[in-house]
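Take the position in the sequence shown, starting the count at 1, then add 931; the result is the number in the working numbering.
What follows is a short report on a single structure.
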Amino acid sequence: MSATLRQRYWILAAVVGAVLLLSMSALLWRERQSAIQSATAVNQRVQQIAEAGVRTRLETTASMLADTLINPVYFFDLQVIEQSLVGVLRQPDIAYAVVLDRNGRILHDGSRDIARYAERPDDAFAAAAIATAVPLTQVSARWMEAAQPLLLGEERIGVLRLGLDLQLANTATDAVPVPFAWDPDWWWWLGIVGMLLAVTALWVERRWVLPLAHWQSQSRSLLARRPLSGVKSLAVVSAGQLVGKALGFAVDELALADSELRRQLLRDALTGLPNRLALRQRLAAELQTCREHEWELALLFLDLDDFKRINDTLGHDIGDDVLAEVAHRFAEVLSVEGPAAGSFVARFGGDEFVVLIRCPAARQRAATLAEALLNALDRPFRKAEQNLHLTTSIGITSFPDDASDAVQLLKNGDIAMYLAKVHGRQCYRFFTPYLTQLANDRLALEQDLREAMNNGALQVYYQPIVHLKTGRIHGAEALVRWQHHSRGMVPPSLFVGIAEDVGLIDALGAFVLREATREAVGWTTFDHRPTFVAVNLSVKQLRDPRLPQQVTSVLRECALPPQRLHLEITESALLDDESLAYSSLTELNRLGIDIWLDDFGTGFSGLSHLRRVNVSGVKIDRTFVADLLSDRHDLALTNAIVAMAESLQITAVAEGVETAAQLEMLSKLNCEYGQGFWLGRPMTATDFRARLAHESADLAAAGRSLSDAG
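As structure tokens, this is what we get:
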């Protein structure tokens, strides 16, 4: 082999080797780029789908929560707003939940003390959120934020804002690993191939007598088969296998995530029951079926009575446990009493549940089912080492009798449920068209009541409490009155009940306590005898652990001695939360304030209350006094109560004294005090002061006459 041929050979060998190595490198690079693009595309698609799921969950949560908040925001019910926001804030990836009023100021931020109340948010999303009239979602690198206007009809009364932390949210399934652009192992393989090429070239040089075909065959074998013999370590093959496996895994994960998202969207996490969204879908489907076949359908709208006291006194964890057990009991009742097909129970939100039944004679079947649901709560709930008693109010409405669409049916059920609450709770009521007018009238009265409280239009009247032996006034009961600008004098039983339902009773009770205490300071008698004022406490006031401090503050502010303030409570108020009530009453006793049991004899376990609470007096219910002269049983009961009071050395006050004969009989029974129209109707503060002055003048004149006669 000549030098020229050798040079040419080595030039050819070098060119061929370089071309082969470069070709292999290009092939590996191309395959690796393809793998990178595939993995990147898969990751982007997985991320898009997962982020869309998070966006759907956030927007659905905002929509459902906004529906729940419309009435509480409209009625300024901060307690219900807090309860709704706390439920959403328990989700780990929800960073904040804020309700803004129509002026863009914070109405509630989910905290108990509402630390940011009335602040105006100034973040980047604030202006758009406040101005929007439609649902709005904004996504940034860290946050996904939603704004949902709160619409009452066409009027926007506020905005709900939710913020979701994308770093905490499950925004993507396991990502497909993206290969590096260049694998360092390739240098080794290229080096090995280069060495093989060199060995081949040397071998061909030394044994160039071998046929060209044999050389080509061997070189192809070395360049084609040998590098592929270690298939598991070639990056190009590994990347292809990885992408294939990752694509299959991603598809499976997305299918599972979609299934789980649908389950979460339609299922209440706490109770396991279908949620509000599932109810609406089911109701729409059932209504369509009923229209096609002319079938009947009934909705039962259930609201647990005064459930908030459990959360307030025992905590939300106990409240959640109770709700879960209530849901289980309702589901059991439906499985036994409900129709085989077309029955459905869902948690509507908070402590509200909705039962749907589709069957012939749906209204009659609904009444039977309502009785069973009421009975399901008869058994106490054993939680925190105590028995908790719950009741529920049920409103019933039906298709096609009451409404033809889902929205109106739910509205009718809610109205009927409130009627059940007005009629004493623990009962059910059917919707009637009259209820719509009643609900509108009640809503108007509620708005007027809020204005009256804000504008100082309420008044406190005083009904004398008279010592029956002397006929002299020893005190008065403070009674709130409302002179409406167009309705005239509104019955207290009506507007006080509304105040209890919409969360105004605490403010109303505090107003009466302060006004009565301030007024009583100026009451004077002829002999300078201290005249007391009696103020009624509501159940919610008695349940507030801050009550003793509030009363102390009012007494100190008005400079009224504690002995001149009597607080009246009912036996049912004690039963509502005994431990907290007894604790508050004991502390009030220590201050020197007298506690009277109102409507005595109509509640339960009255004697046990007298033993556990240091009661200073009992007020005999007017139902006993009314038939005192005609019913021997009422006479005997009244006599027994008076005798018991004498034995315990406490005061007995007869309510509802309306005739001279009743007054005479009560005097014979040695009843100490009386109160009623015969002794004095409720009167303004000015009239009561005038009556005290008139009584003092009469006593002074009588004293002078006796002095002159002496």
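Cβ coordinates follow ideal geometry from the N, Cα and C atoms, glycine included.
Practice task
Assign glutamate 1263 to buried or exposed, taking buried as 16 or more other Cβ atoms, counted over all protein chains shown, within 10 Å of its Cβ.
Solution key: Result: exposed.
Between which two residues does the beta strand (DSSP E) holding phenylalanine 1275 run? Its beta strand (DSSP E) spans residues 1274-1280.
query: Counting along the chain, where does the alpha helix (DSSP H) carrying glycine 1250 start and finish?
result: Note, glycine 1250: alpha helix (DSSP H), 1247-1268.
Mapping the DSSP letters down to three states, classify aspartate 1475 as helix, strand or coil.
In this structure, aspartate 1475 counts as coil in the three-state DSSP scheme.
- Query: Mind checking if leucine 1435 is an interface residue toward chain C, Cβ cutoff 7 Å exclusive?
  - Reply: Of the chains in the structure shown, none is chain C; there is only one protein chain.
Taking the alpha carbon of glutamine 1295 as the reference point, which residue from Leu1374, Glu1316, Phe1284, Thr1328 has its own alpha carbon closest? Nearest to glutamine 1295 by C-alpha distance, out of Leu1374, Glu1316, Phe1284, Thr1328, is Thr1328.
Simplified DSSP state of tryptophan 1226, which is helix, strand or coil: DSSP places tryptophan 1226 in coil when its eight states are reduced to three.
Requested in this report: Assuming arginine 1073 contacts leucine 1099 (C-beta within less than 8 Å), just tell me the rounded distance between them.
Outcome: In fact, because the Cβ distance is near 10 Å, the residues do not count as touching under 8 Å.
- Query: In angstroms, rounded to a whole number, what distance separates the CA positions of serine 1514 and aspartate 1525?
  - Reply: Using only the alpha carbons, I get a separation of about 15 Å.
What residues in its chain sit with their C-beta under 6 Å from that of alanine 1334, if we drop five residues either side in the sequence?
-> Annotation for alanine 1334: Leu1340, Asn1343 place their beta carbon closer than 6 Å to its own, counting only its chain and skipping 5 residues before and after.
* Asked: DSSP puts glycine 1548 in a beta bridge; with which residues?
  -> Beta-bridge analysis with DSSP links glycine 1548 to Trp1527, Thr1582.
Alpha carbon to alpha carbon, how far is arginine 1157 from leucine 1128? Note that arginine 1157 scores 44 on pLDDT, short of 50, meaning its location in the model is unreliable and no value can be drawn from it.
Could you name the residues that DSSP lists as bridge partners for serine 1324? Under DSSP, the beta-bridge partners assigned to serine 1324 are Asp1234.
Original post:
Taking the Cβ atom as the reference point for each residue, do alanine 1033 and glycine 1089 lie within a distance shorter than 7 Å?
Top reply: With the sequence shown as reference, residue 1033 is identified as arginine, and alanine is not the correct amino acid for it. Their beta carbons are under 7 Å apart, which means arginine 1033 touches glycine 1089 by this criterion.
Where valine 1482 and arginine 1521 are concerned, what is the direct C-alpha to C-alpha distance, given to the nearest angstrom? If I take the Cα positions, the gap works out to 12 Å.
Subject >> Environment of leucine 1623 [buried if 16+ CB atoms lie within 10 Å] >> reply: Answer is buried; the Cβ neighbour count reaches 16.
So for valine 899, helix, strand or coil by DSSP?
This structure cannot speak to residue 899, because the chain is shown only from 932 to 1641.
**Asked** Touch check for the segment 1591-1598 and the segment 1361-1381: three-plus C-beta pairs under 8 Å?
**Response** The segment 1591-1598 and the segment 1361-1381 do not touch, with fewer than 3 CB-CB distances between them shorter than 8 Å.
| For the 8 Å Cβ check, are there 3 or more pairs between the segment 1222-1238 and the segment 998-1010? | Because the criterion of three Cβ pairs below 8 Å is not met, the segment 1222-1238 and the segment 998-1010 do not touch.
Buried or exposed: where does alanine 949 fall if 16 or more other Cβ atoms within 10 Å of its Cβ makes it buried? Exposed, because fewer than 16 other Cβ atoms sit within 10 Å of the Cβ of alanine 949.
Check: Is it right to say proline 1142 is buried, meaning 16 or more other beta carbons lie within 10 angstroms of its own, or is it exposed?
Finding: Low confidence applies to proline 1142: its pLDDT is 43, below 50, so where it sits in the model is not reliable enough to give any reading.
Next on the checklist: On the criterion of 16 or more Cβ atoms from any shown chain inside 10 Å, does serine 1324 qualify as buried, or is it exposed?
Outcome noted: Its Cβ being crowded by 16 or more others within 10 Å, serine 1324 is buried.
- Query: Does the segment 1308-1316 come close enough to the segment 1252-1260 to have 3 or more Cβ pairs within less than 8 Å?
  - Reply: At 8 Å Cβ cutoff, the stretches touch.
* Asked: Given leucine 1265, which residues of its chain have a CB within under 7 Å of its CB, disregarding the five upstream and five downstream residues?
  -> Contacts found: Ser1274, Val1276, Val1286.
Note to self: If contact is defined by three or more beta carbon pairs under 8 Å, each pair taking one atom from either stretch, is the segment 1580-1589 in contact with the segment 1597-1613?
What the structure shows: Taking a contact to require three or more Cβ pairs closer than 8 Å, the segment 1597-1613 and the segment 1580-1589 qualify as touching.
key: Residue from Asp1248, Leu1020, Ile1500, Ala945 whose Cα sits closest to the Cα of threonine 1202   = Selection Asp1248, Leu1020, Ile1500, Ala945 evaluated against threonine 1202 yields Asp1248 as nearest (Cα-Cα).
Euclidean distance between Cα positions of leucine 1319 and aspartate 1243:
C-alpha separation (whole angstroms): 13 Å.
* Asked: Grouping DSSP H, G and I as helix and E and B as strand, with all else coil, what is arginine 1056?
  -> At residue 1056 the sequence reads phenylalanine, which differs from the arginine that was named. Here phenylalanine 1056 sits in coil by DSSP.
- Using the DSSP secondary-structure output, state which residues sit across from asparagine 1318 in a beta bridge. The partner list for asparagine 1318 (beta bridge, DSSP) reads Arg1313.
Checking 7 Å against the spacing of the C-beta atoms, do leucine 1016 and alanine 1026 come in under that value? No, these two residues do not count as a Cβ contact at 7 Å.
For threonine 1322 and arginine 1356, which I take to be in contact (beta-carbon distance under 8 Å), what is that distance rounded to the nearest angstrom? That belief holds up - the Cβ atoms of threonine 1322 and arginine 1356 are roughly 6 Å apart, short of 8 Å.
Close beta carbons around aspartate 1282, own chain, < 6 Å, minus the five adjacent residues each side: Answer for aspartate 1282: Leu1235, Phe1238, listed in chain order.
Practice task
May I have the straight-line CA-CA distance separating glutamine 1368 from leucine 1082, to the nearest angstrom?
Solution key: Separation of glutamine 1368 and leucine 1082 (C-alpha to C-alpha, rounded to the nearest whole angstrom) is 21 Å.
To test your reading of the DSSP string, which unbroken alpha helix (DSSP H) runs of 4 or more residues are found completely within the segment 1320-1394?
DSSP runs (the alpha helix (DSSP H)) wholly in the segment 1320-1394: 1337-1353, 1364-1386.
**Message:** Let's see if you can read the secondary structure: which residues bound the alpha helix (DSSP H) around arginine 1296?
**Reply:** 1293-1307 is the extent of the alpha helix (DSSP H) around arginine 1296.
Cross-strand partners of asparagine 1467 (DSSP beta bridge) = Here asparagine 1467 is bridged, per DSSP, to Glu1499.
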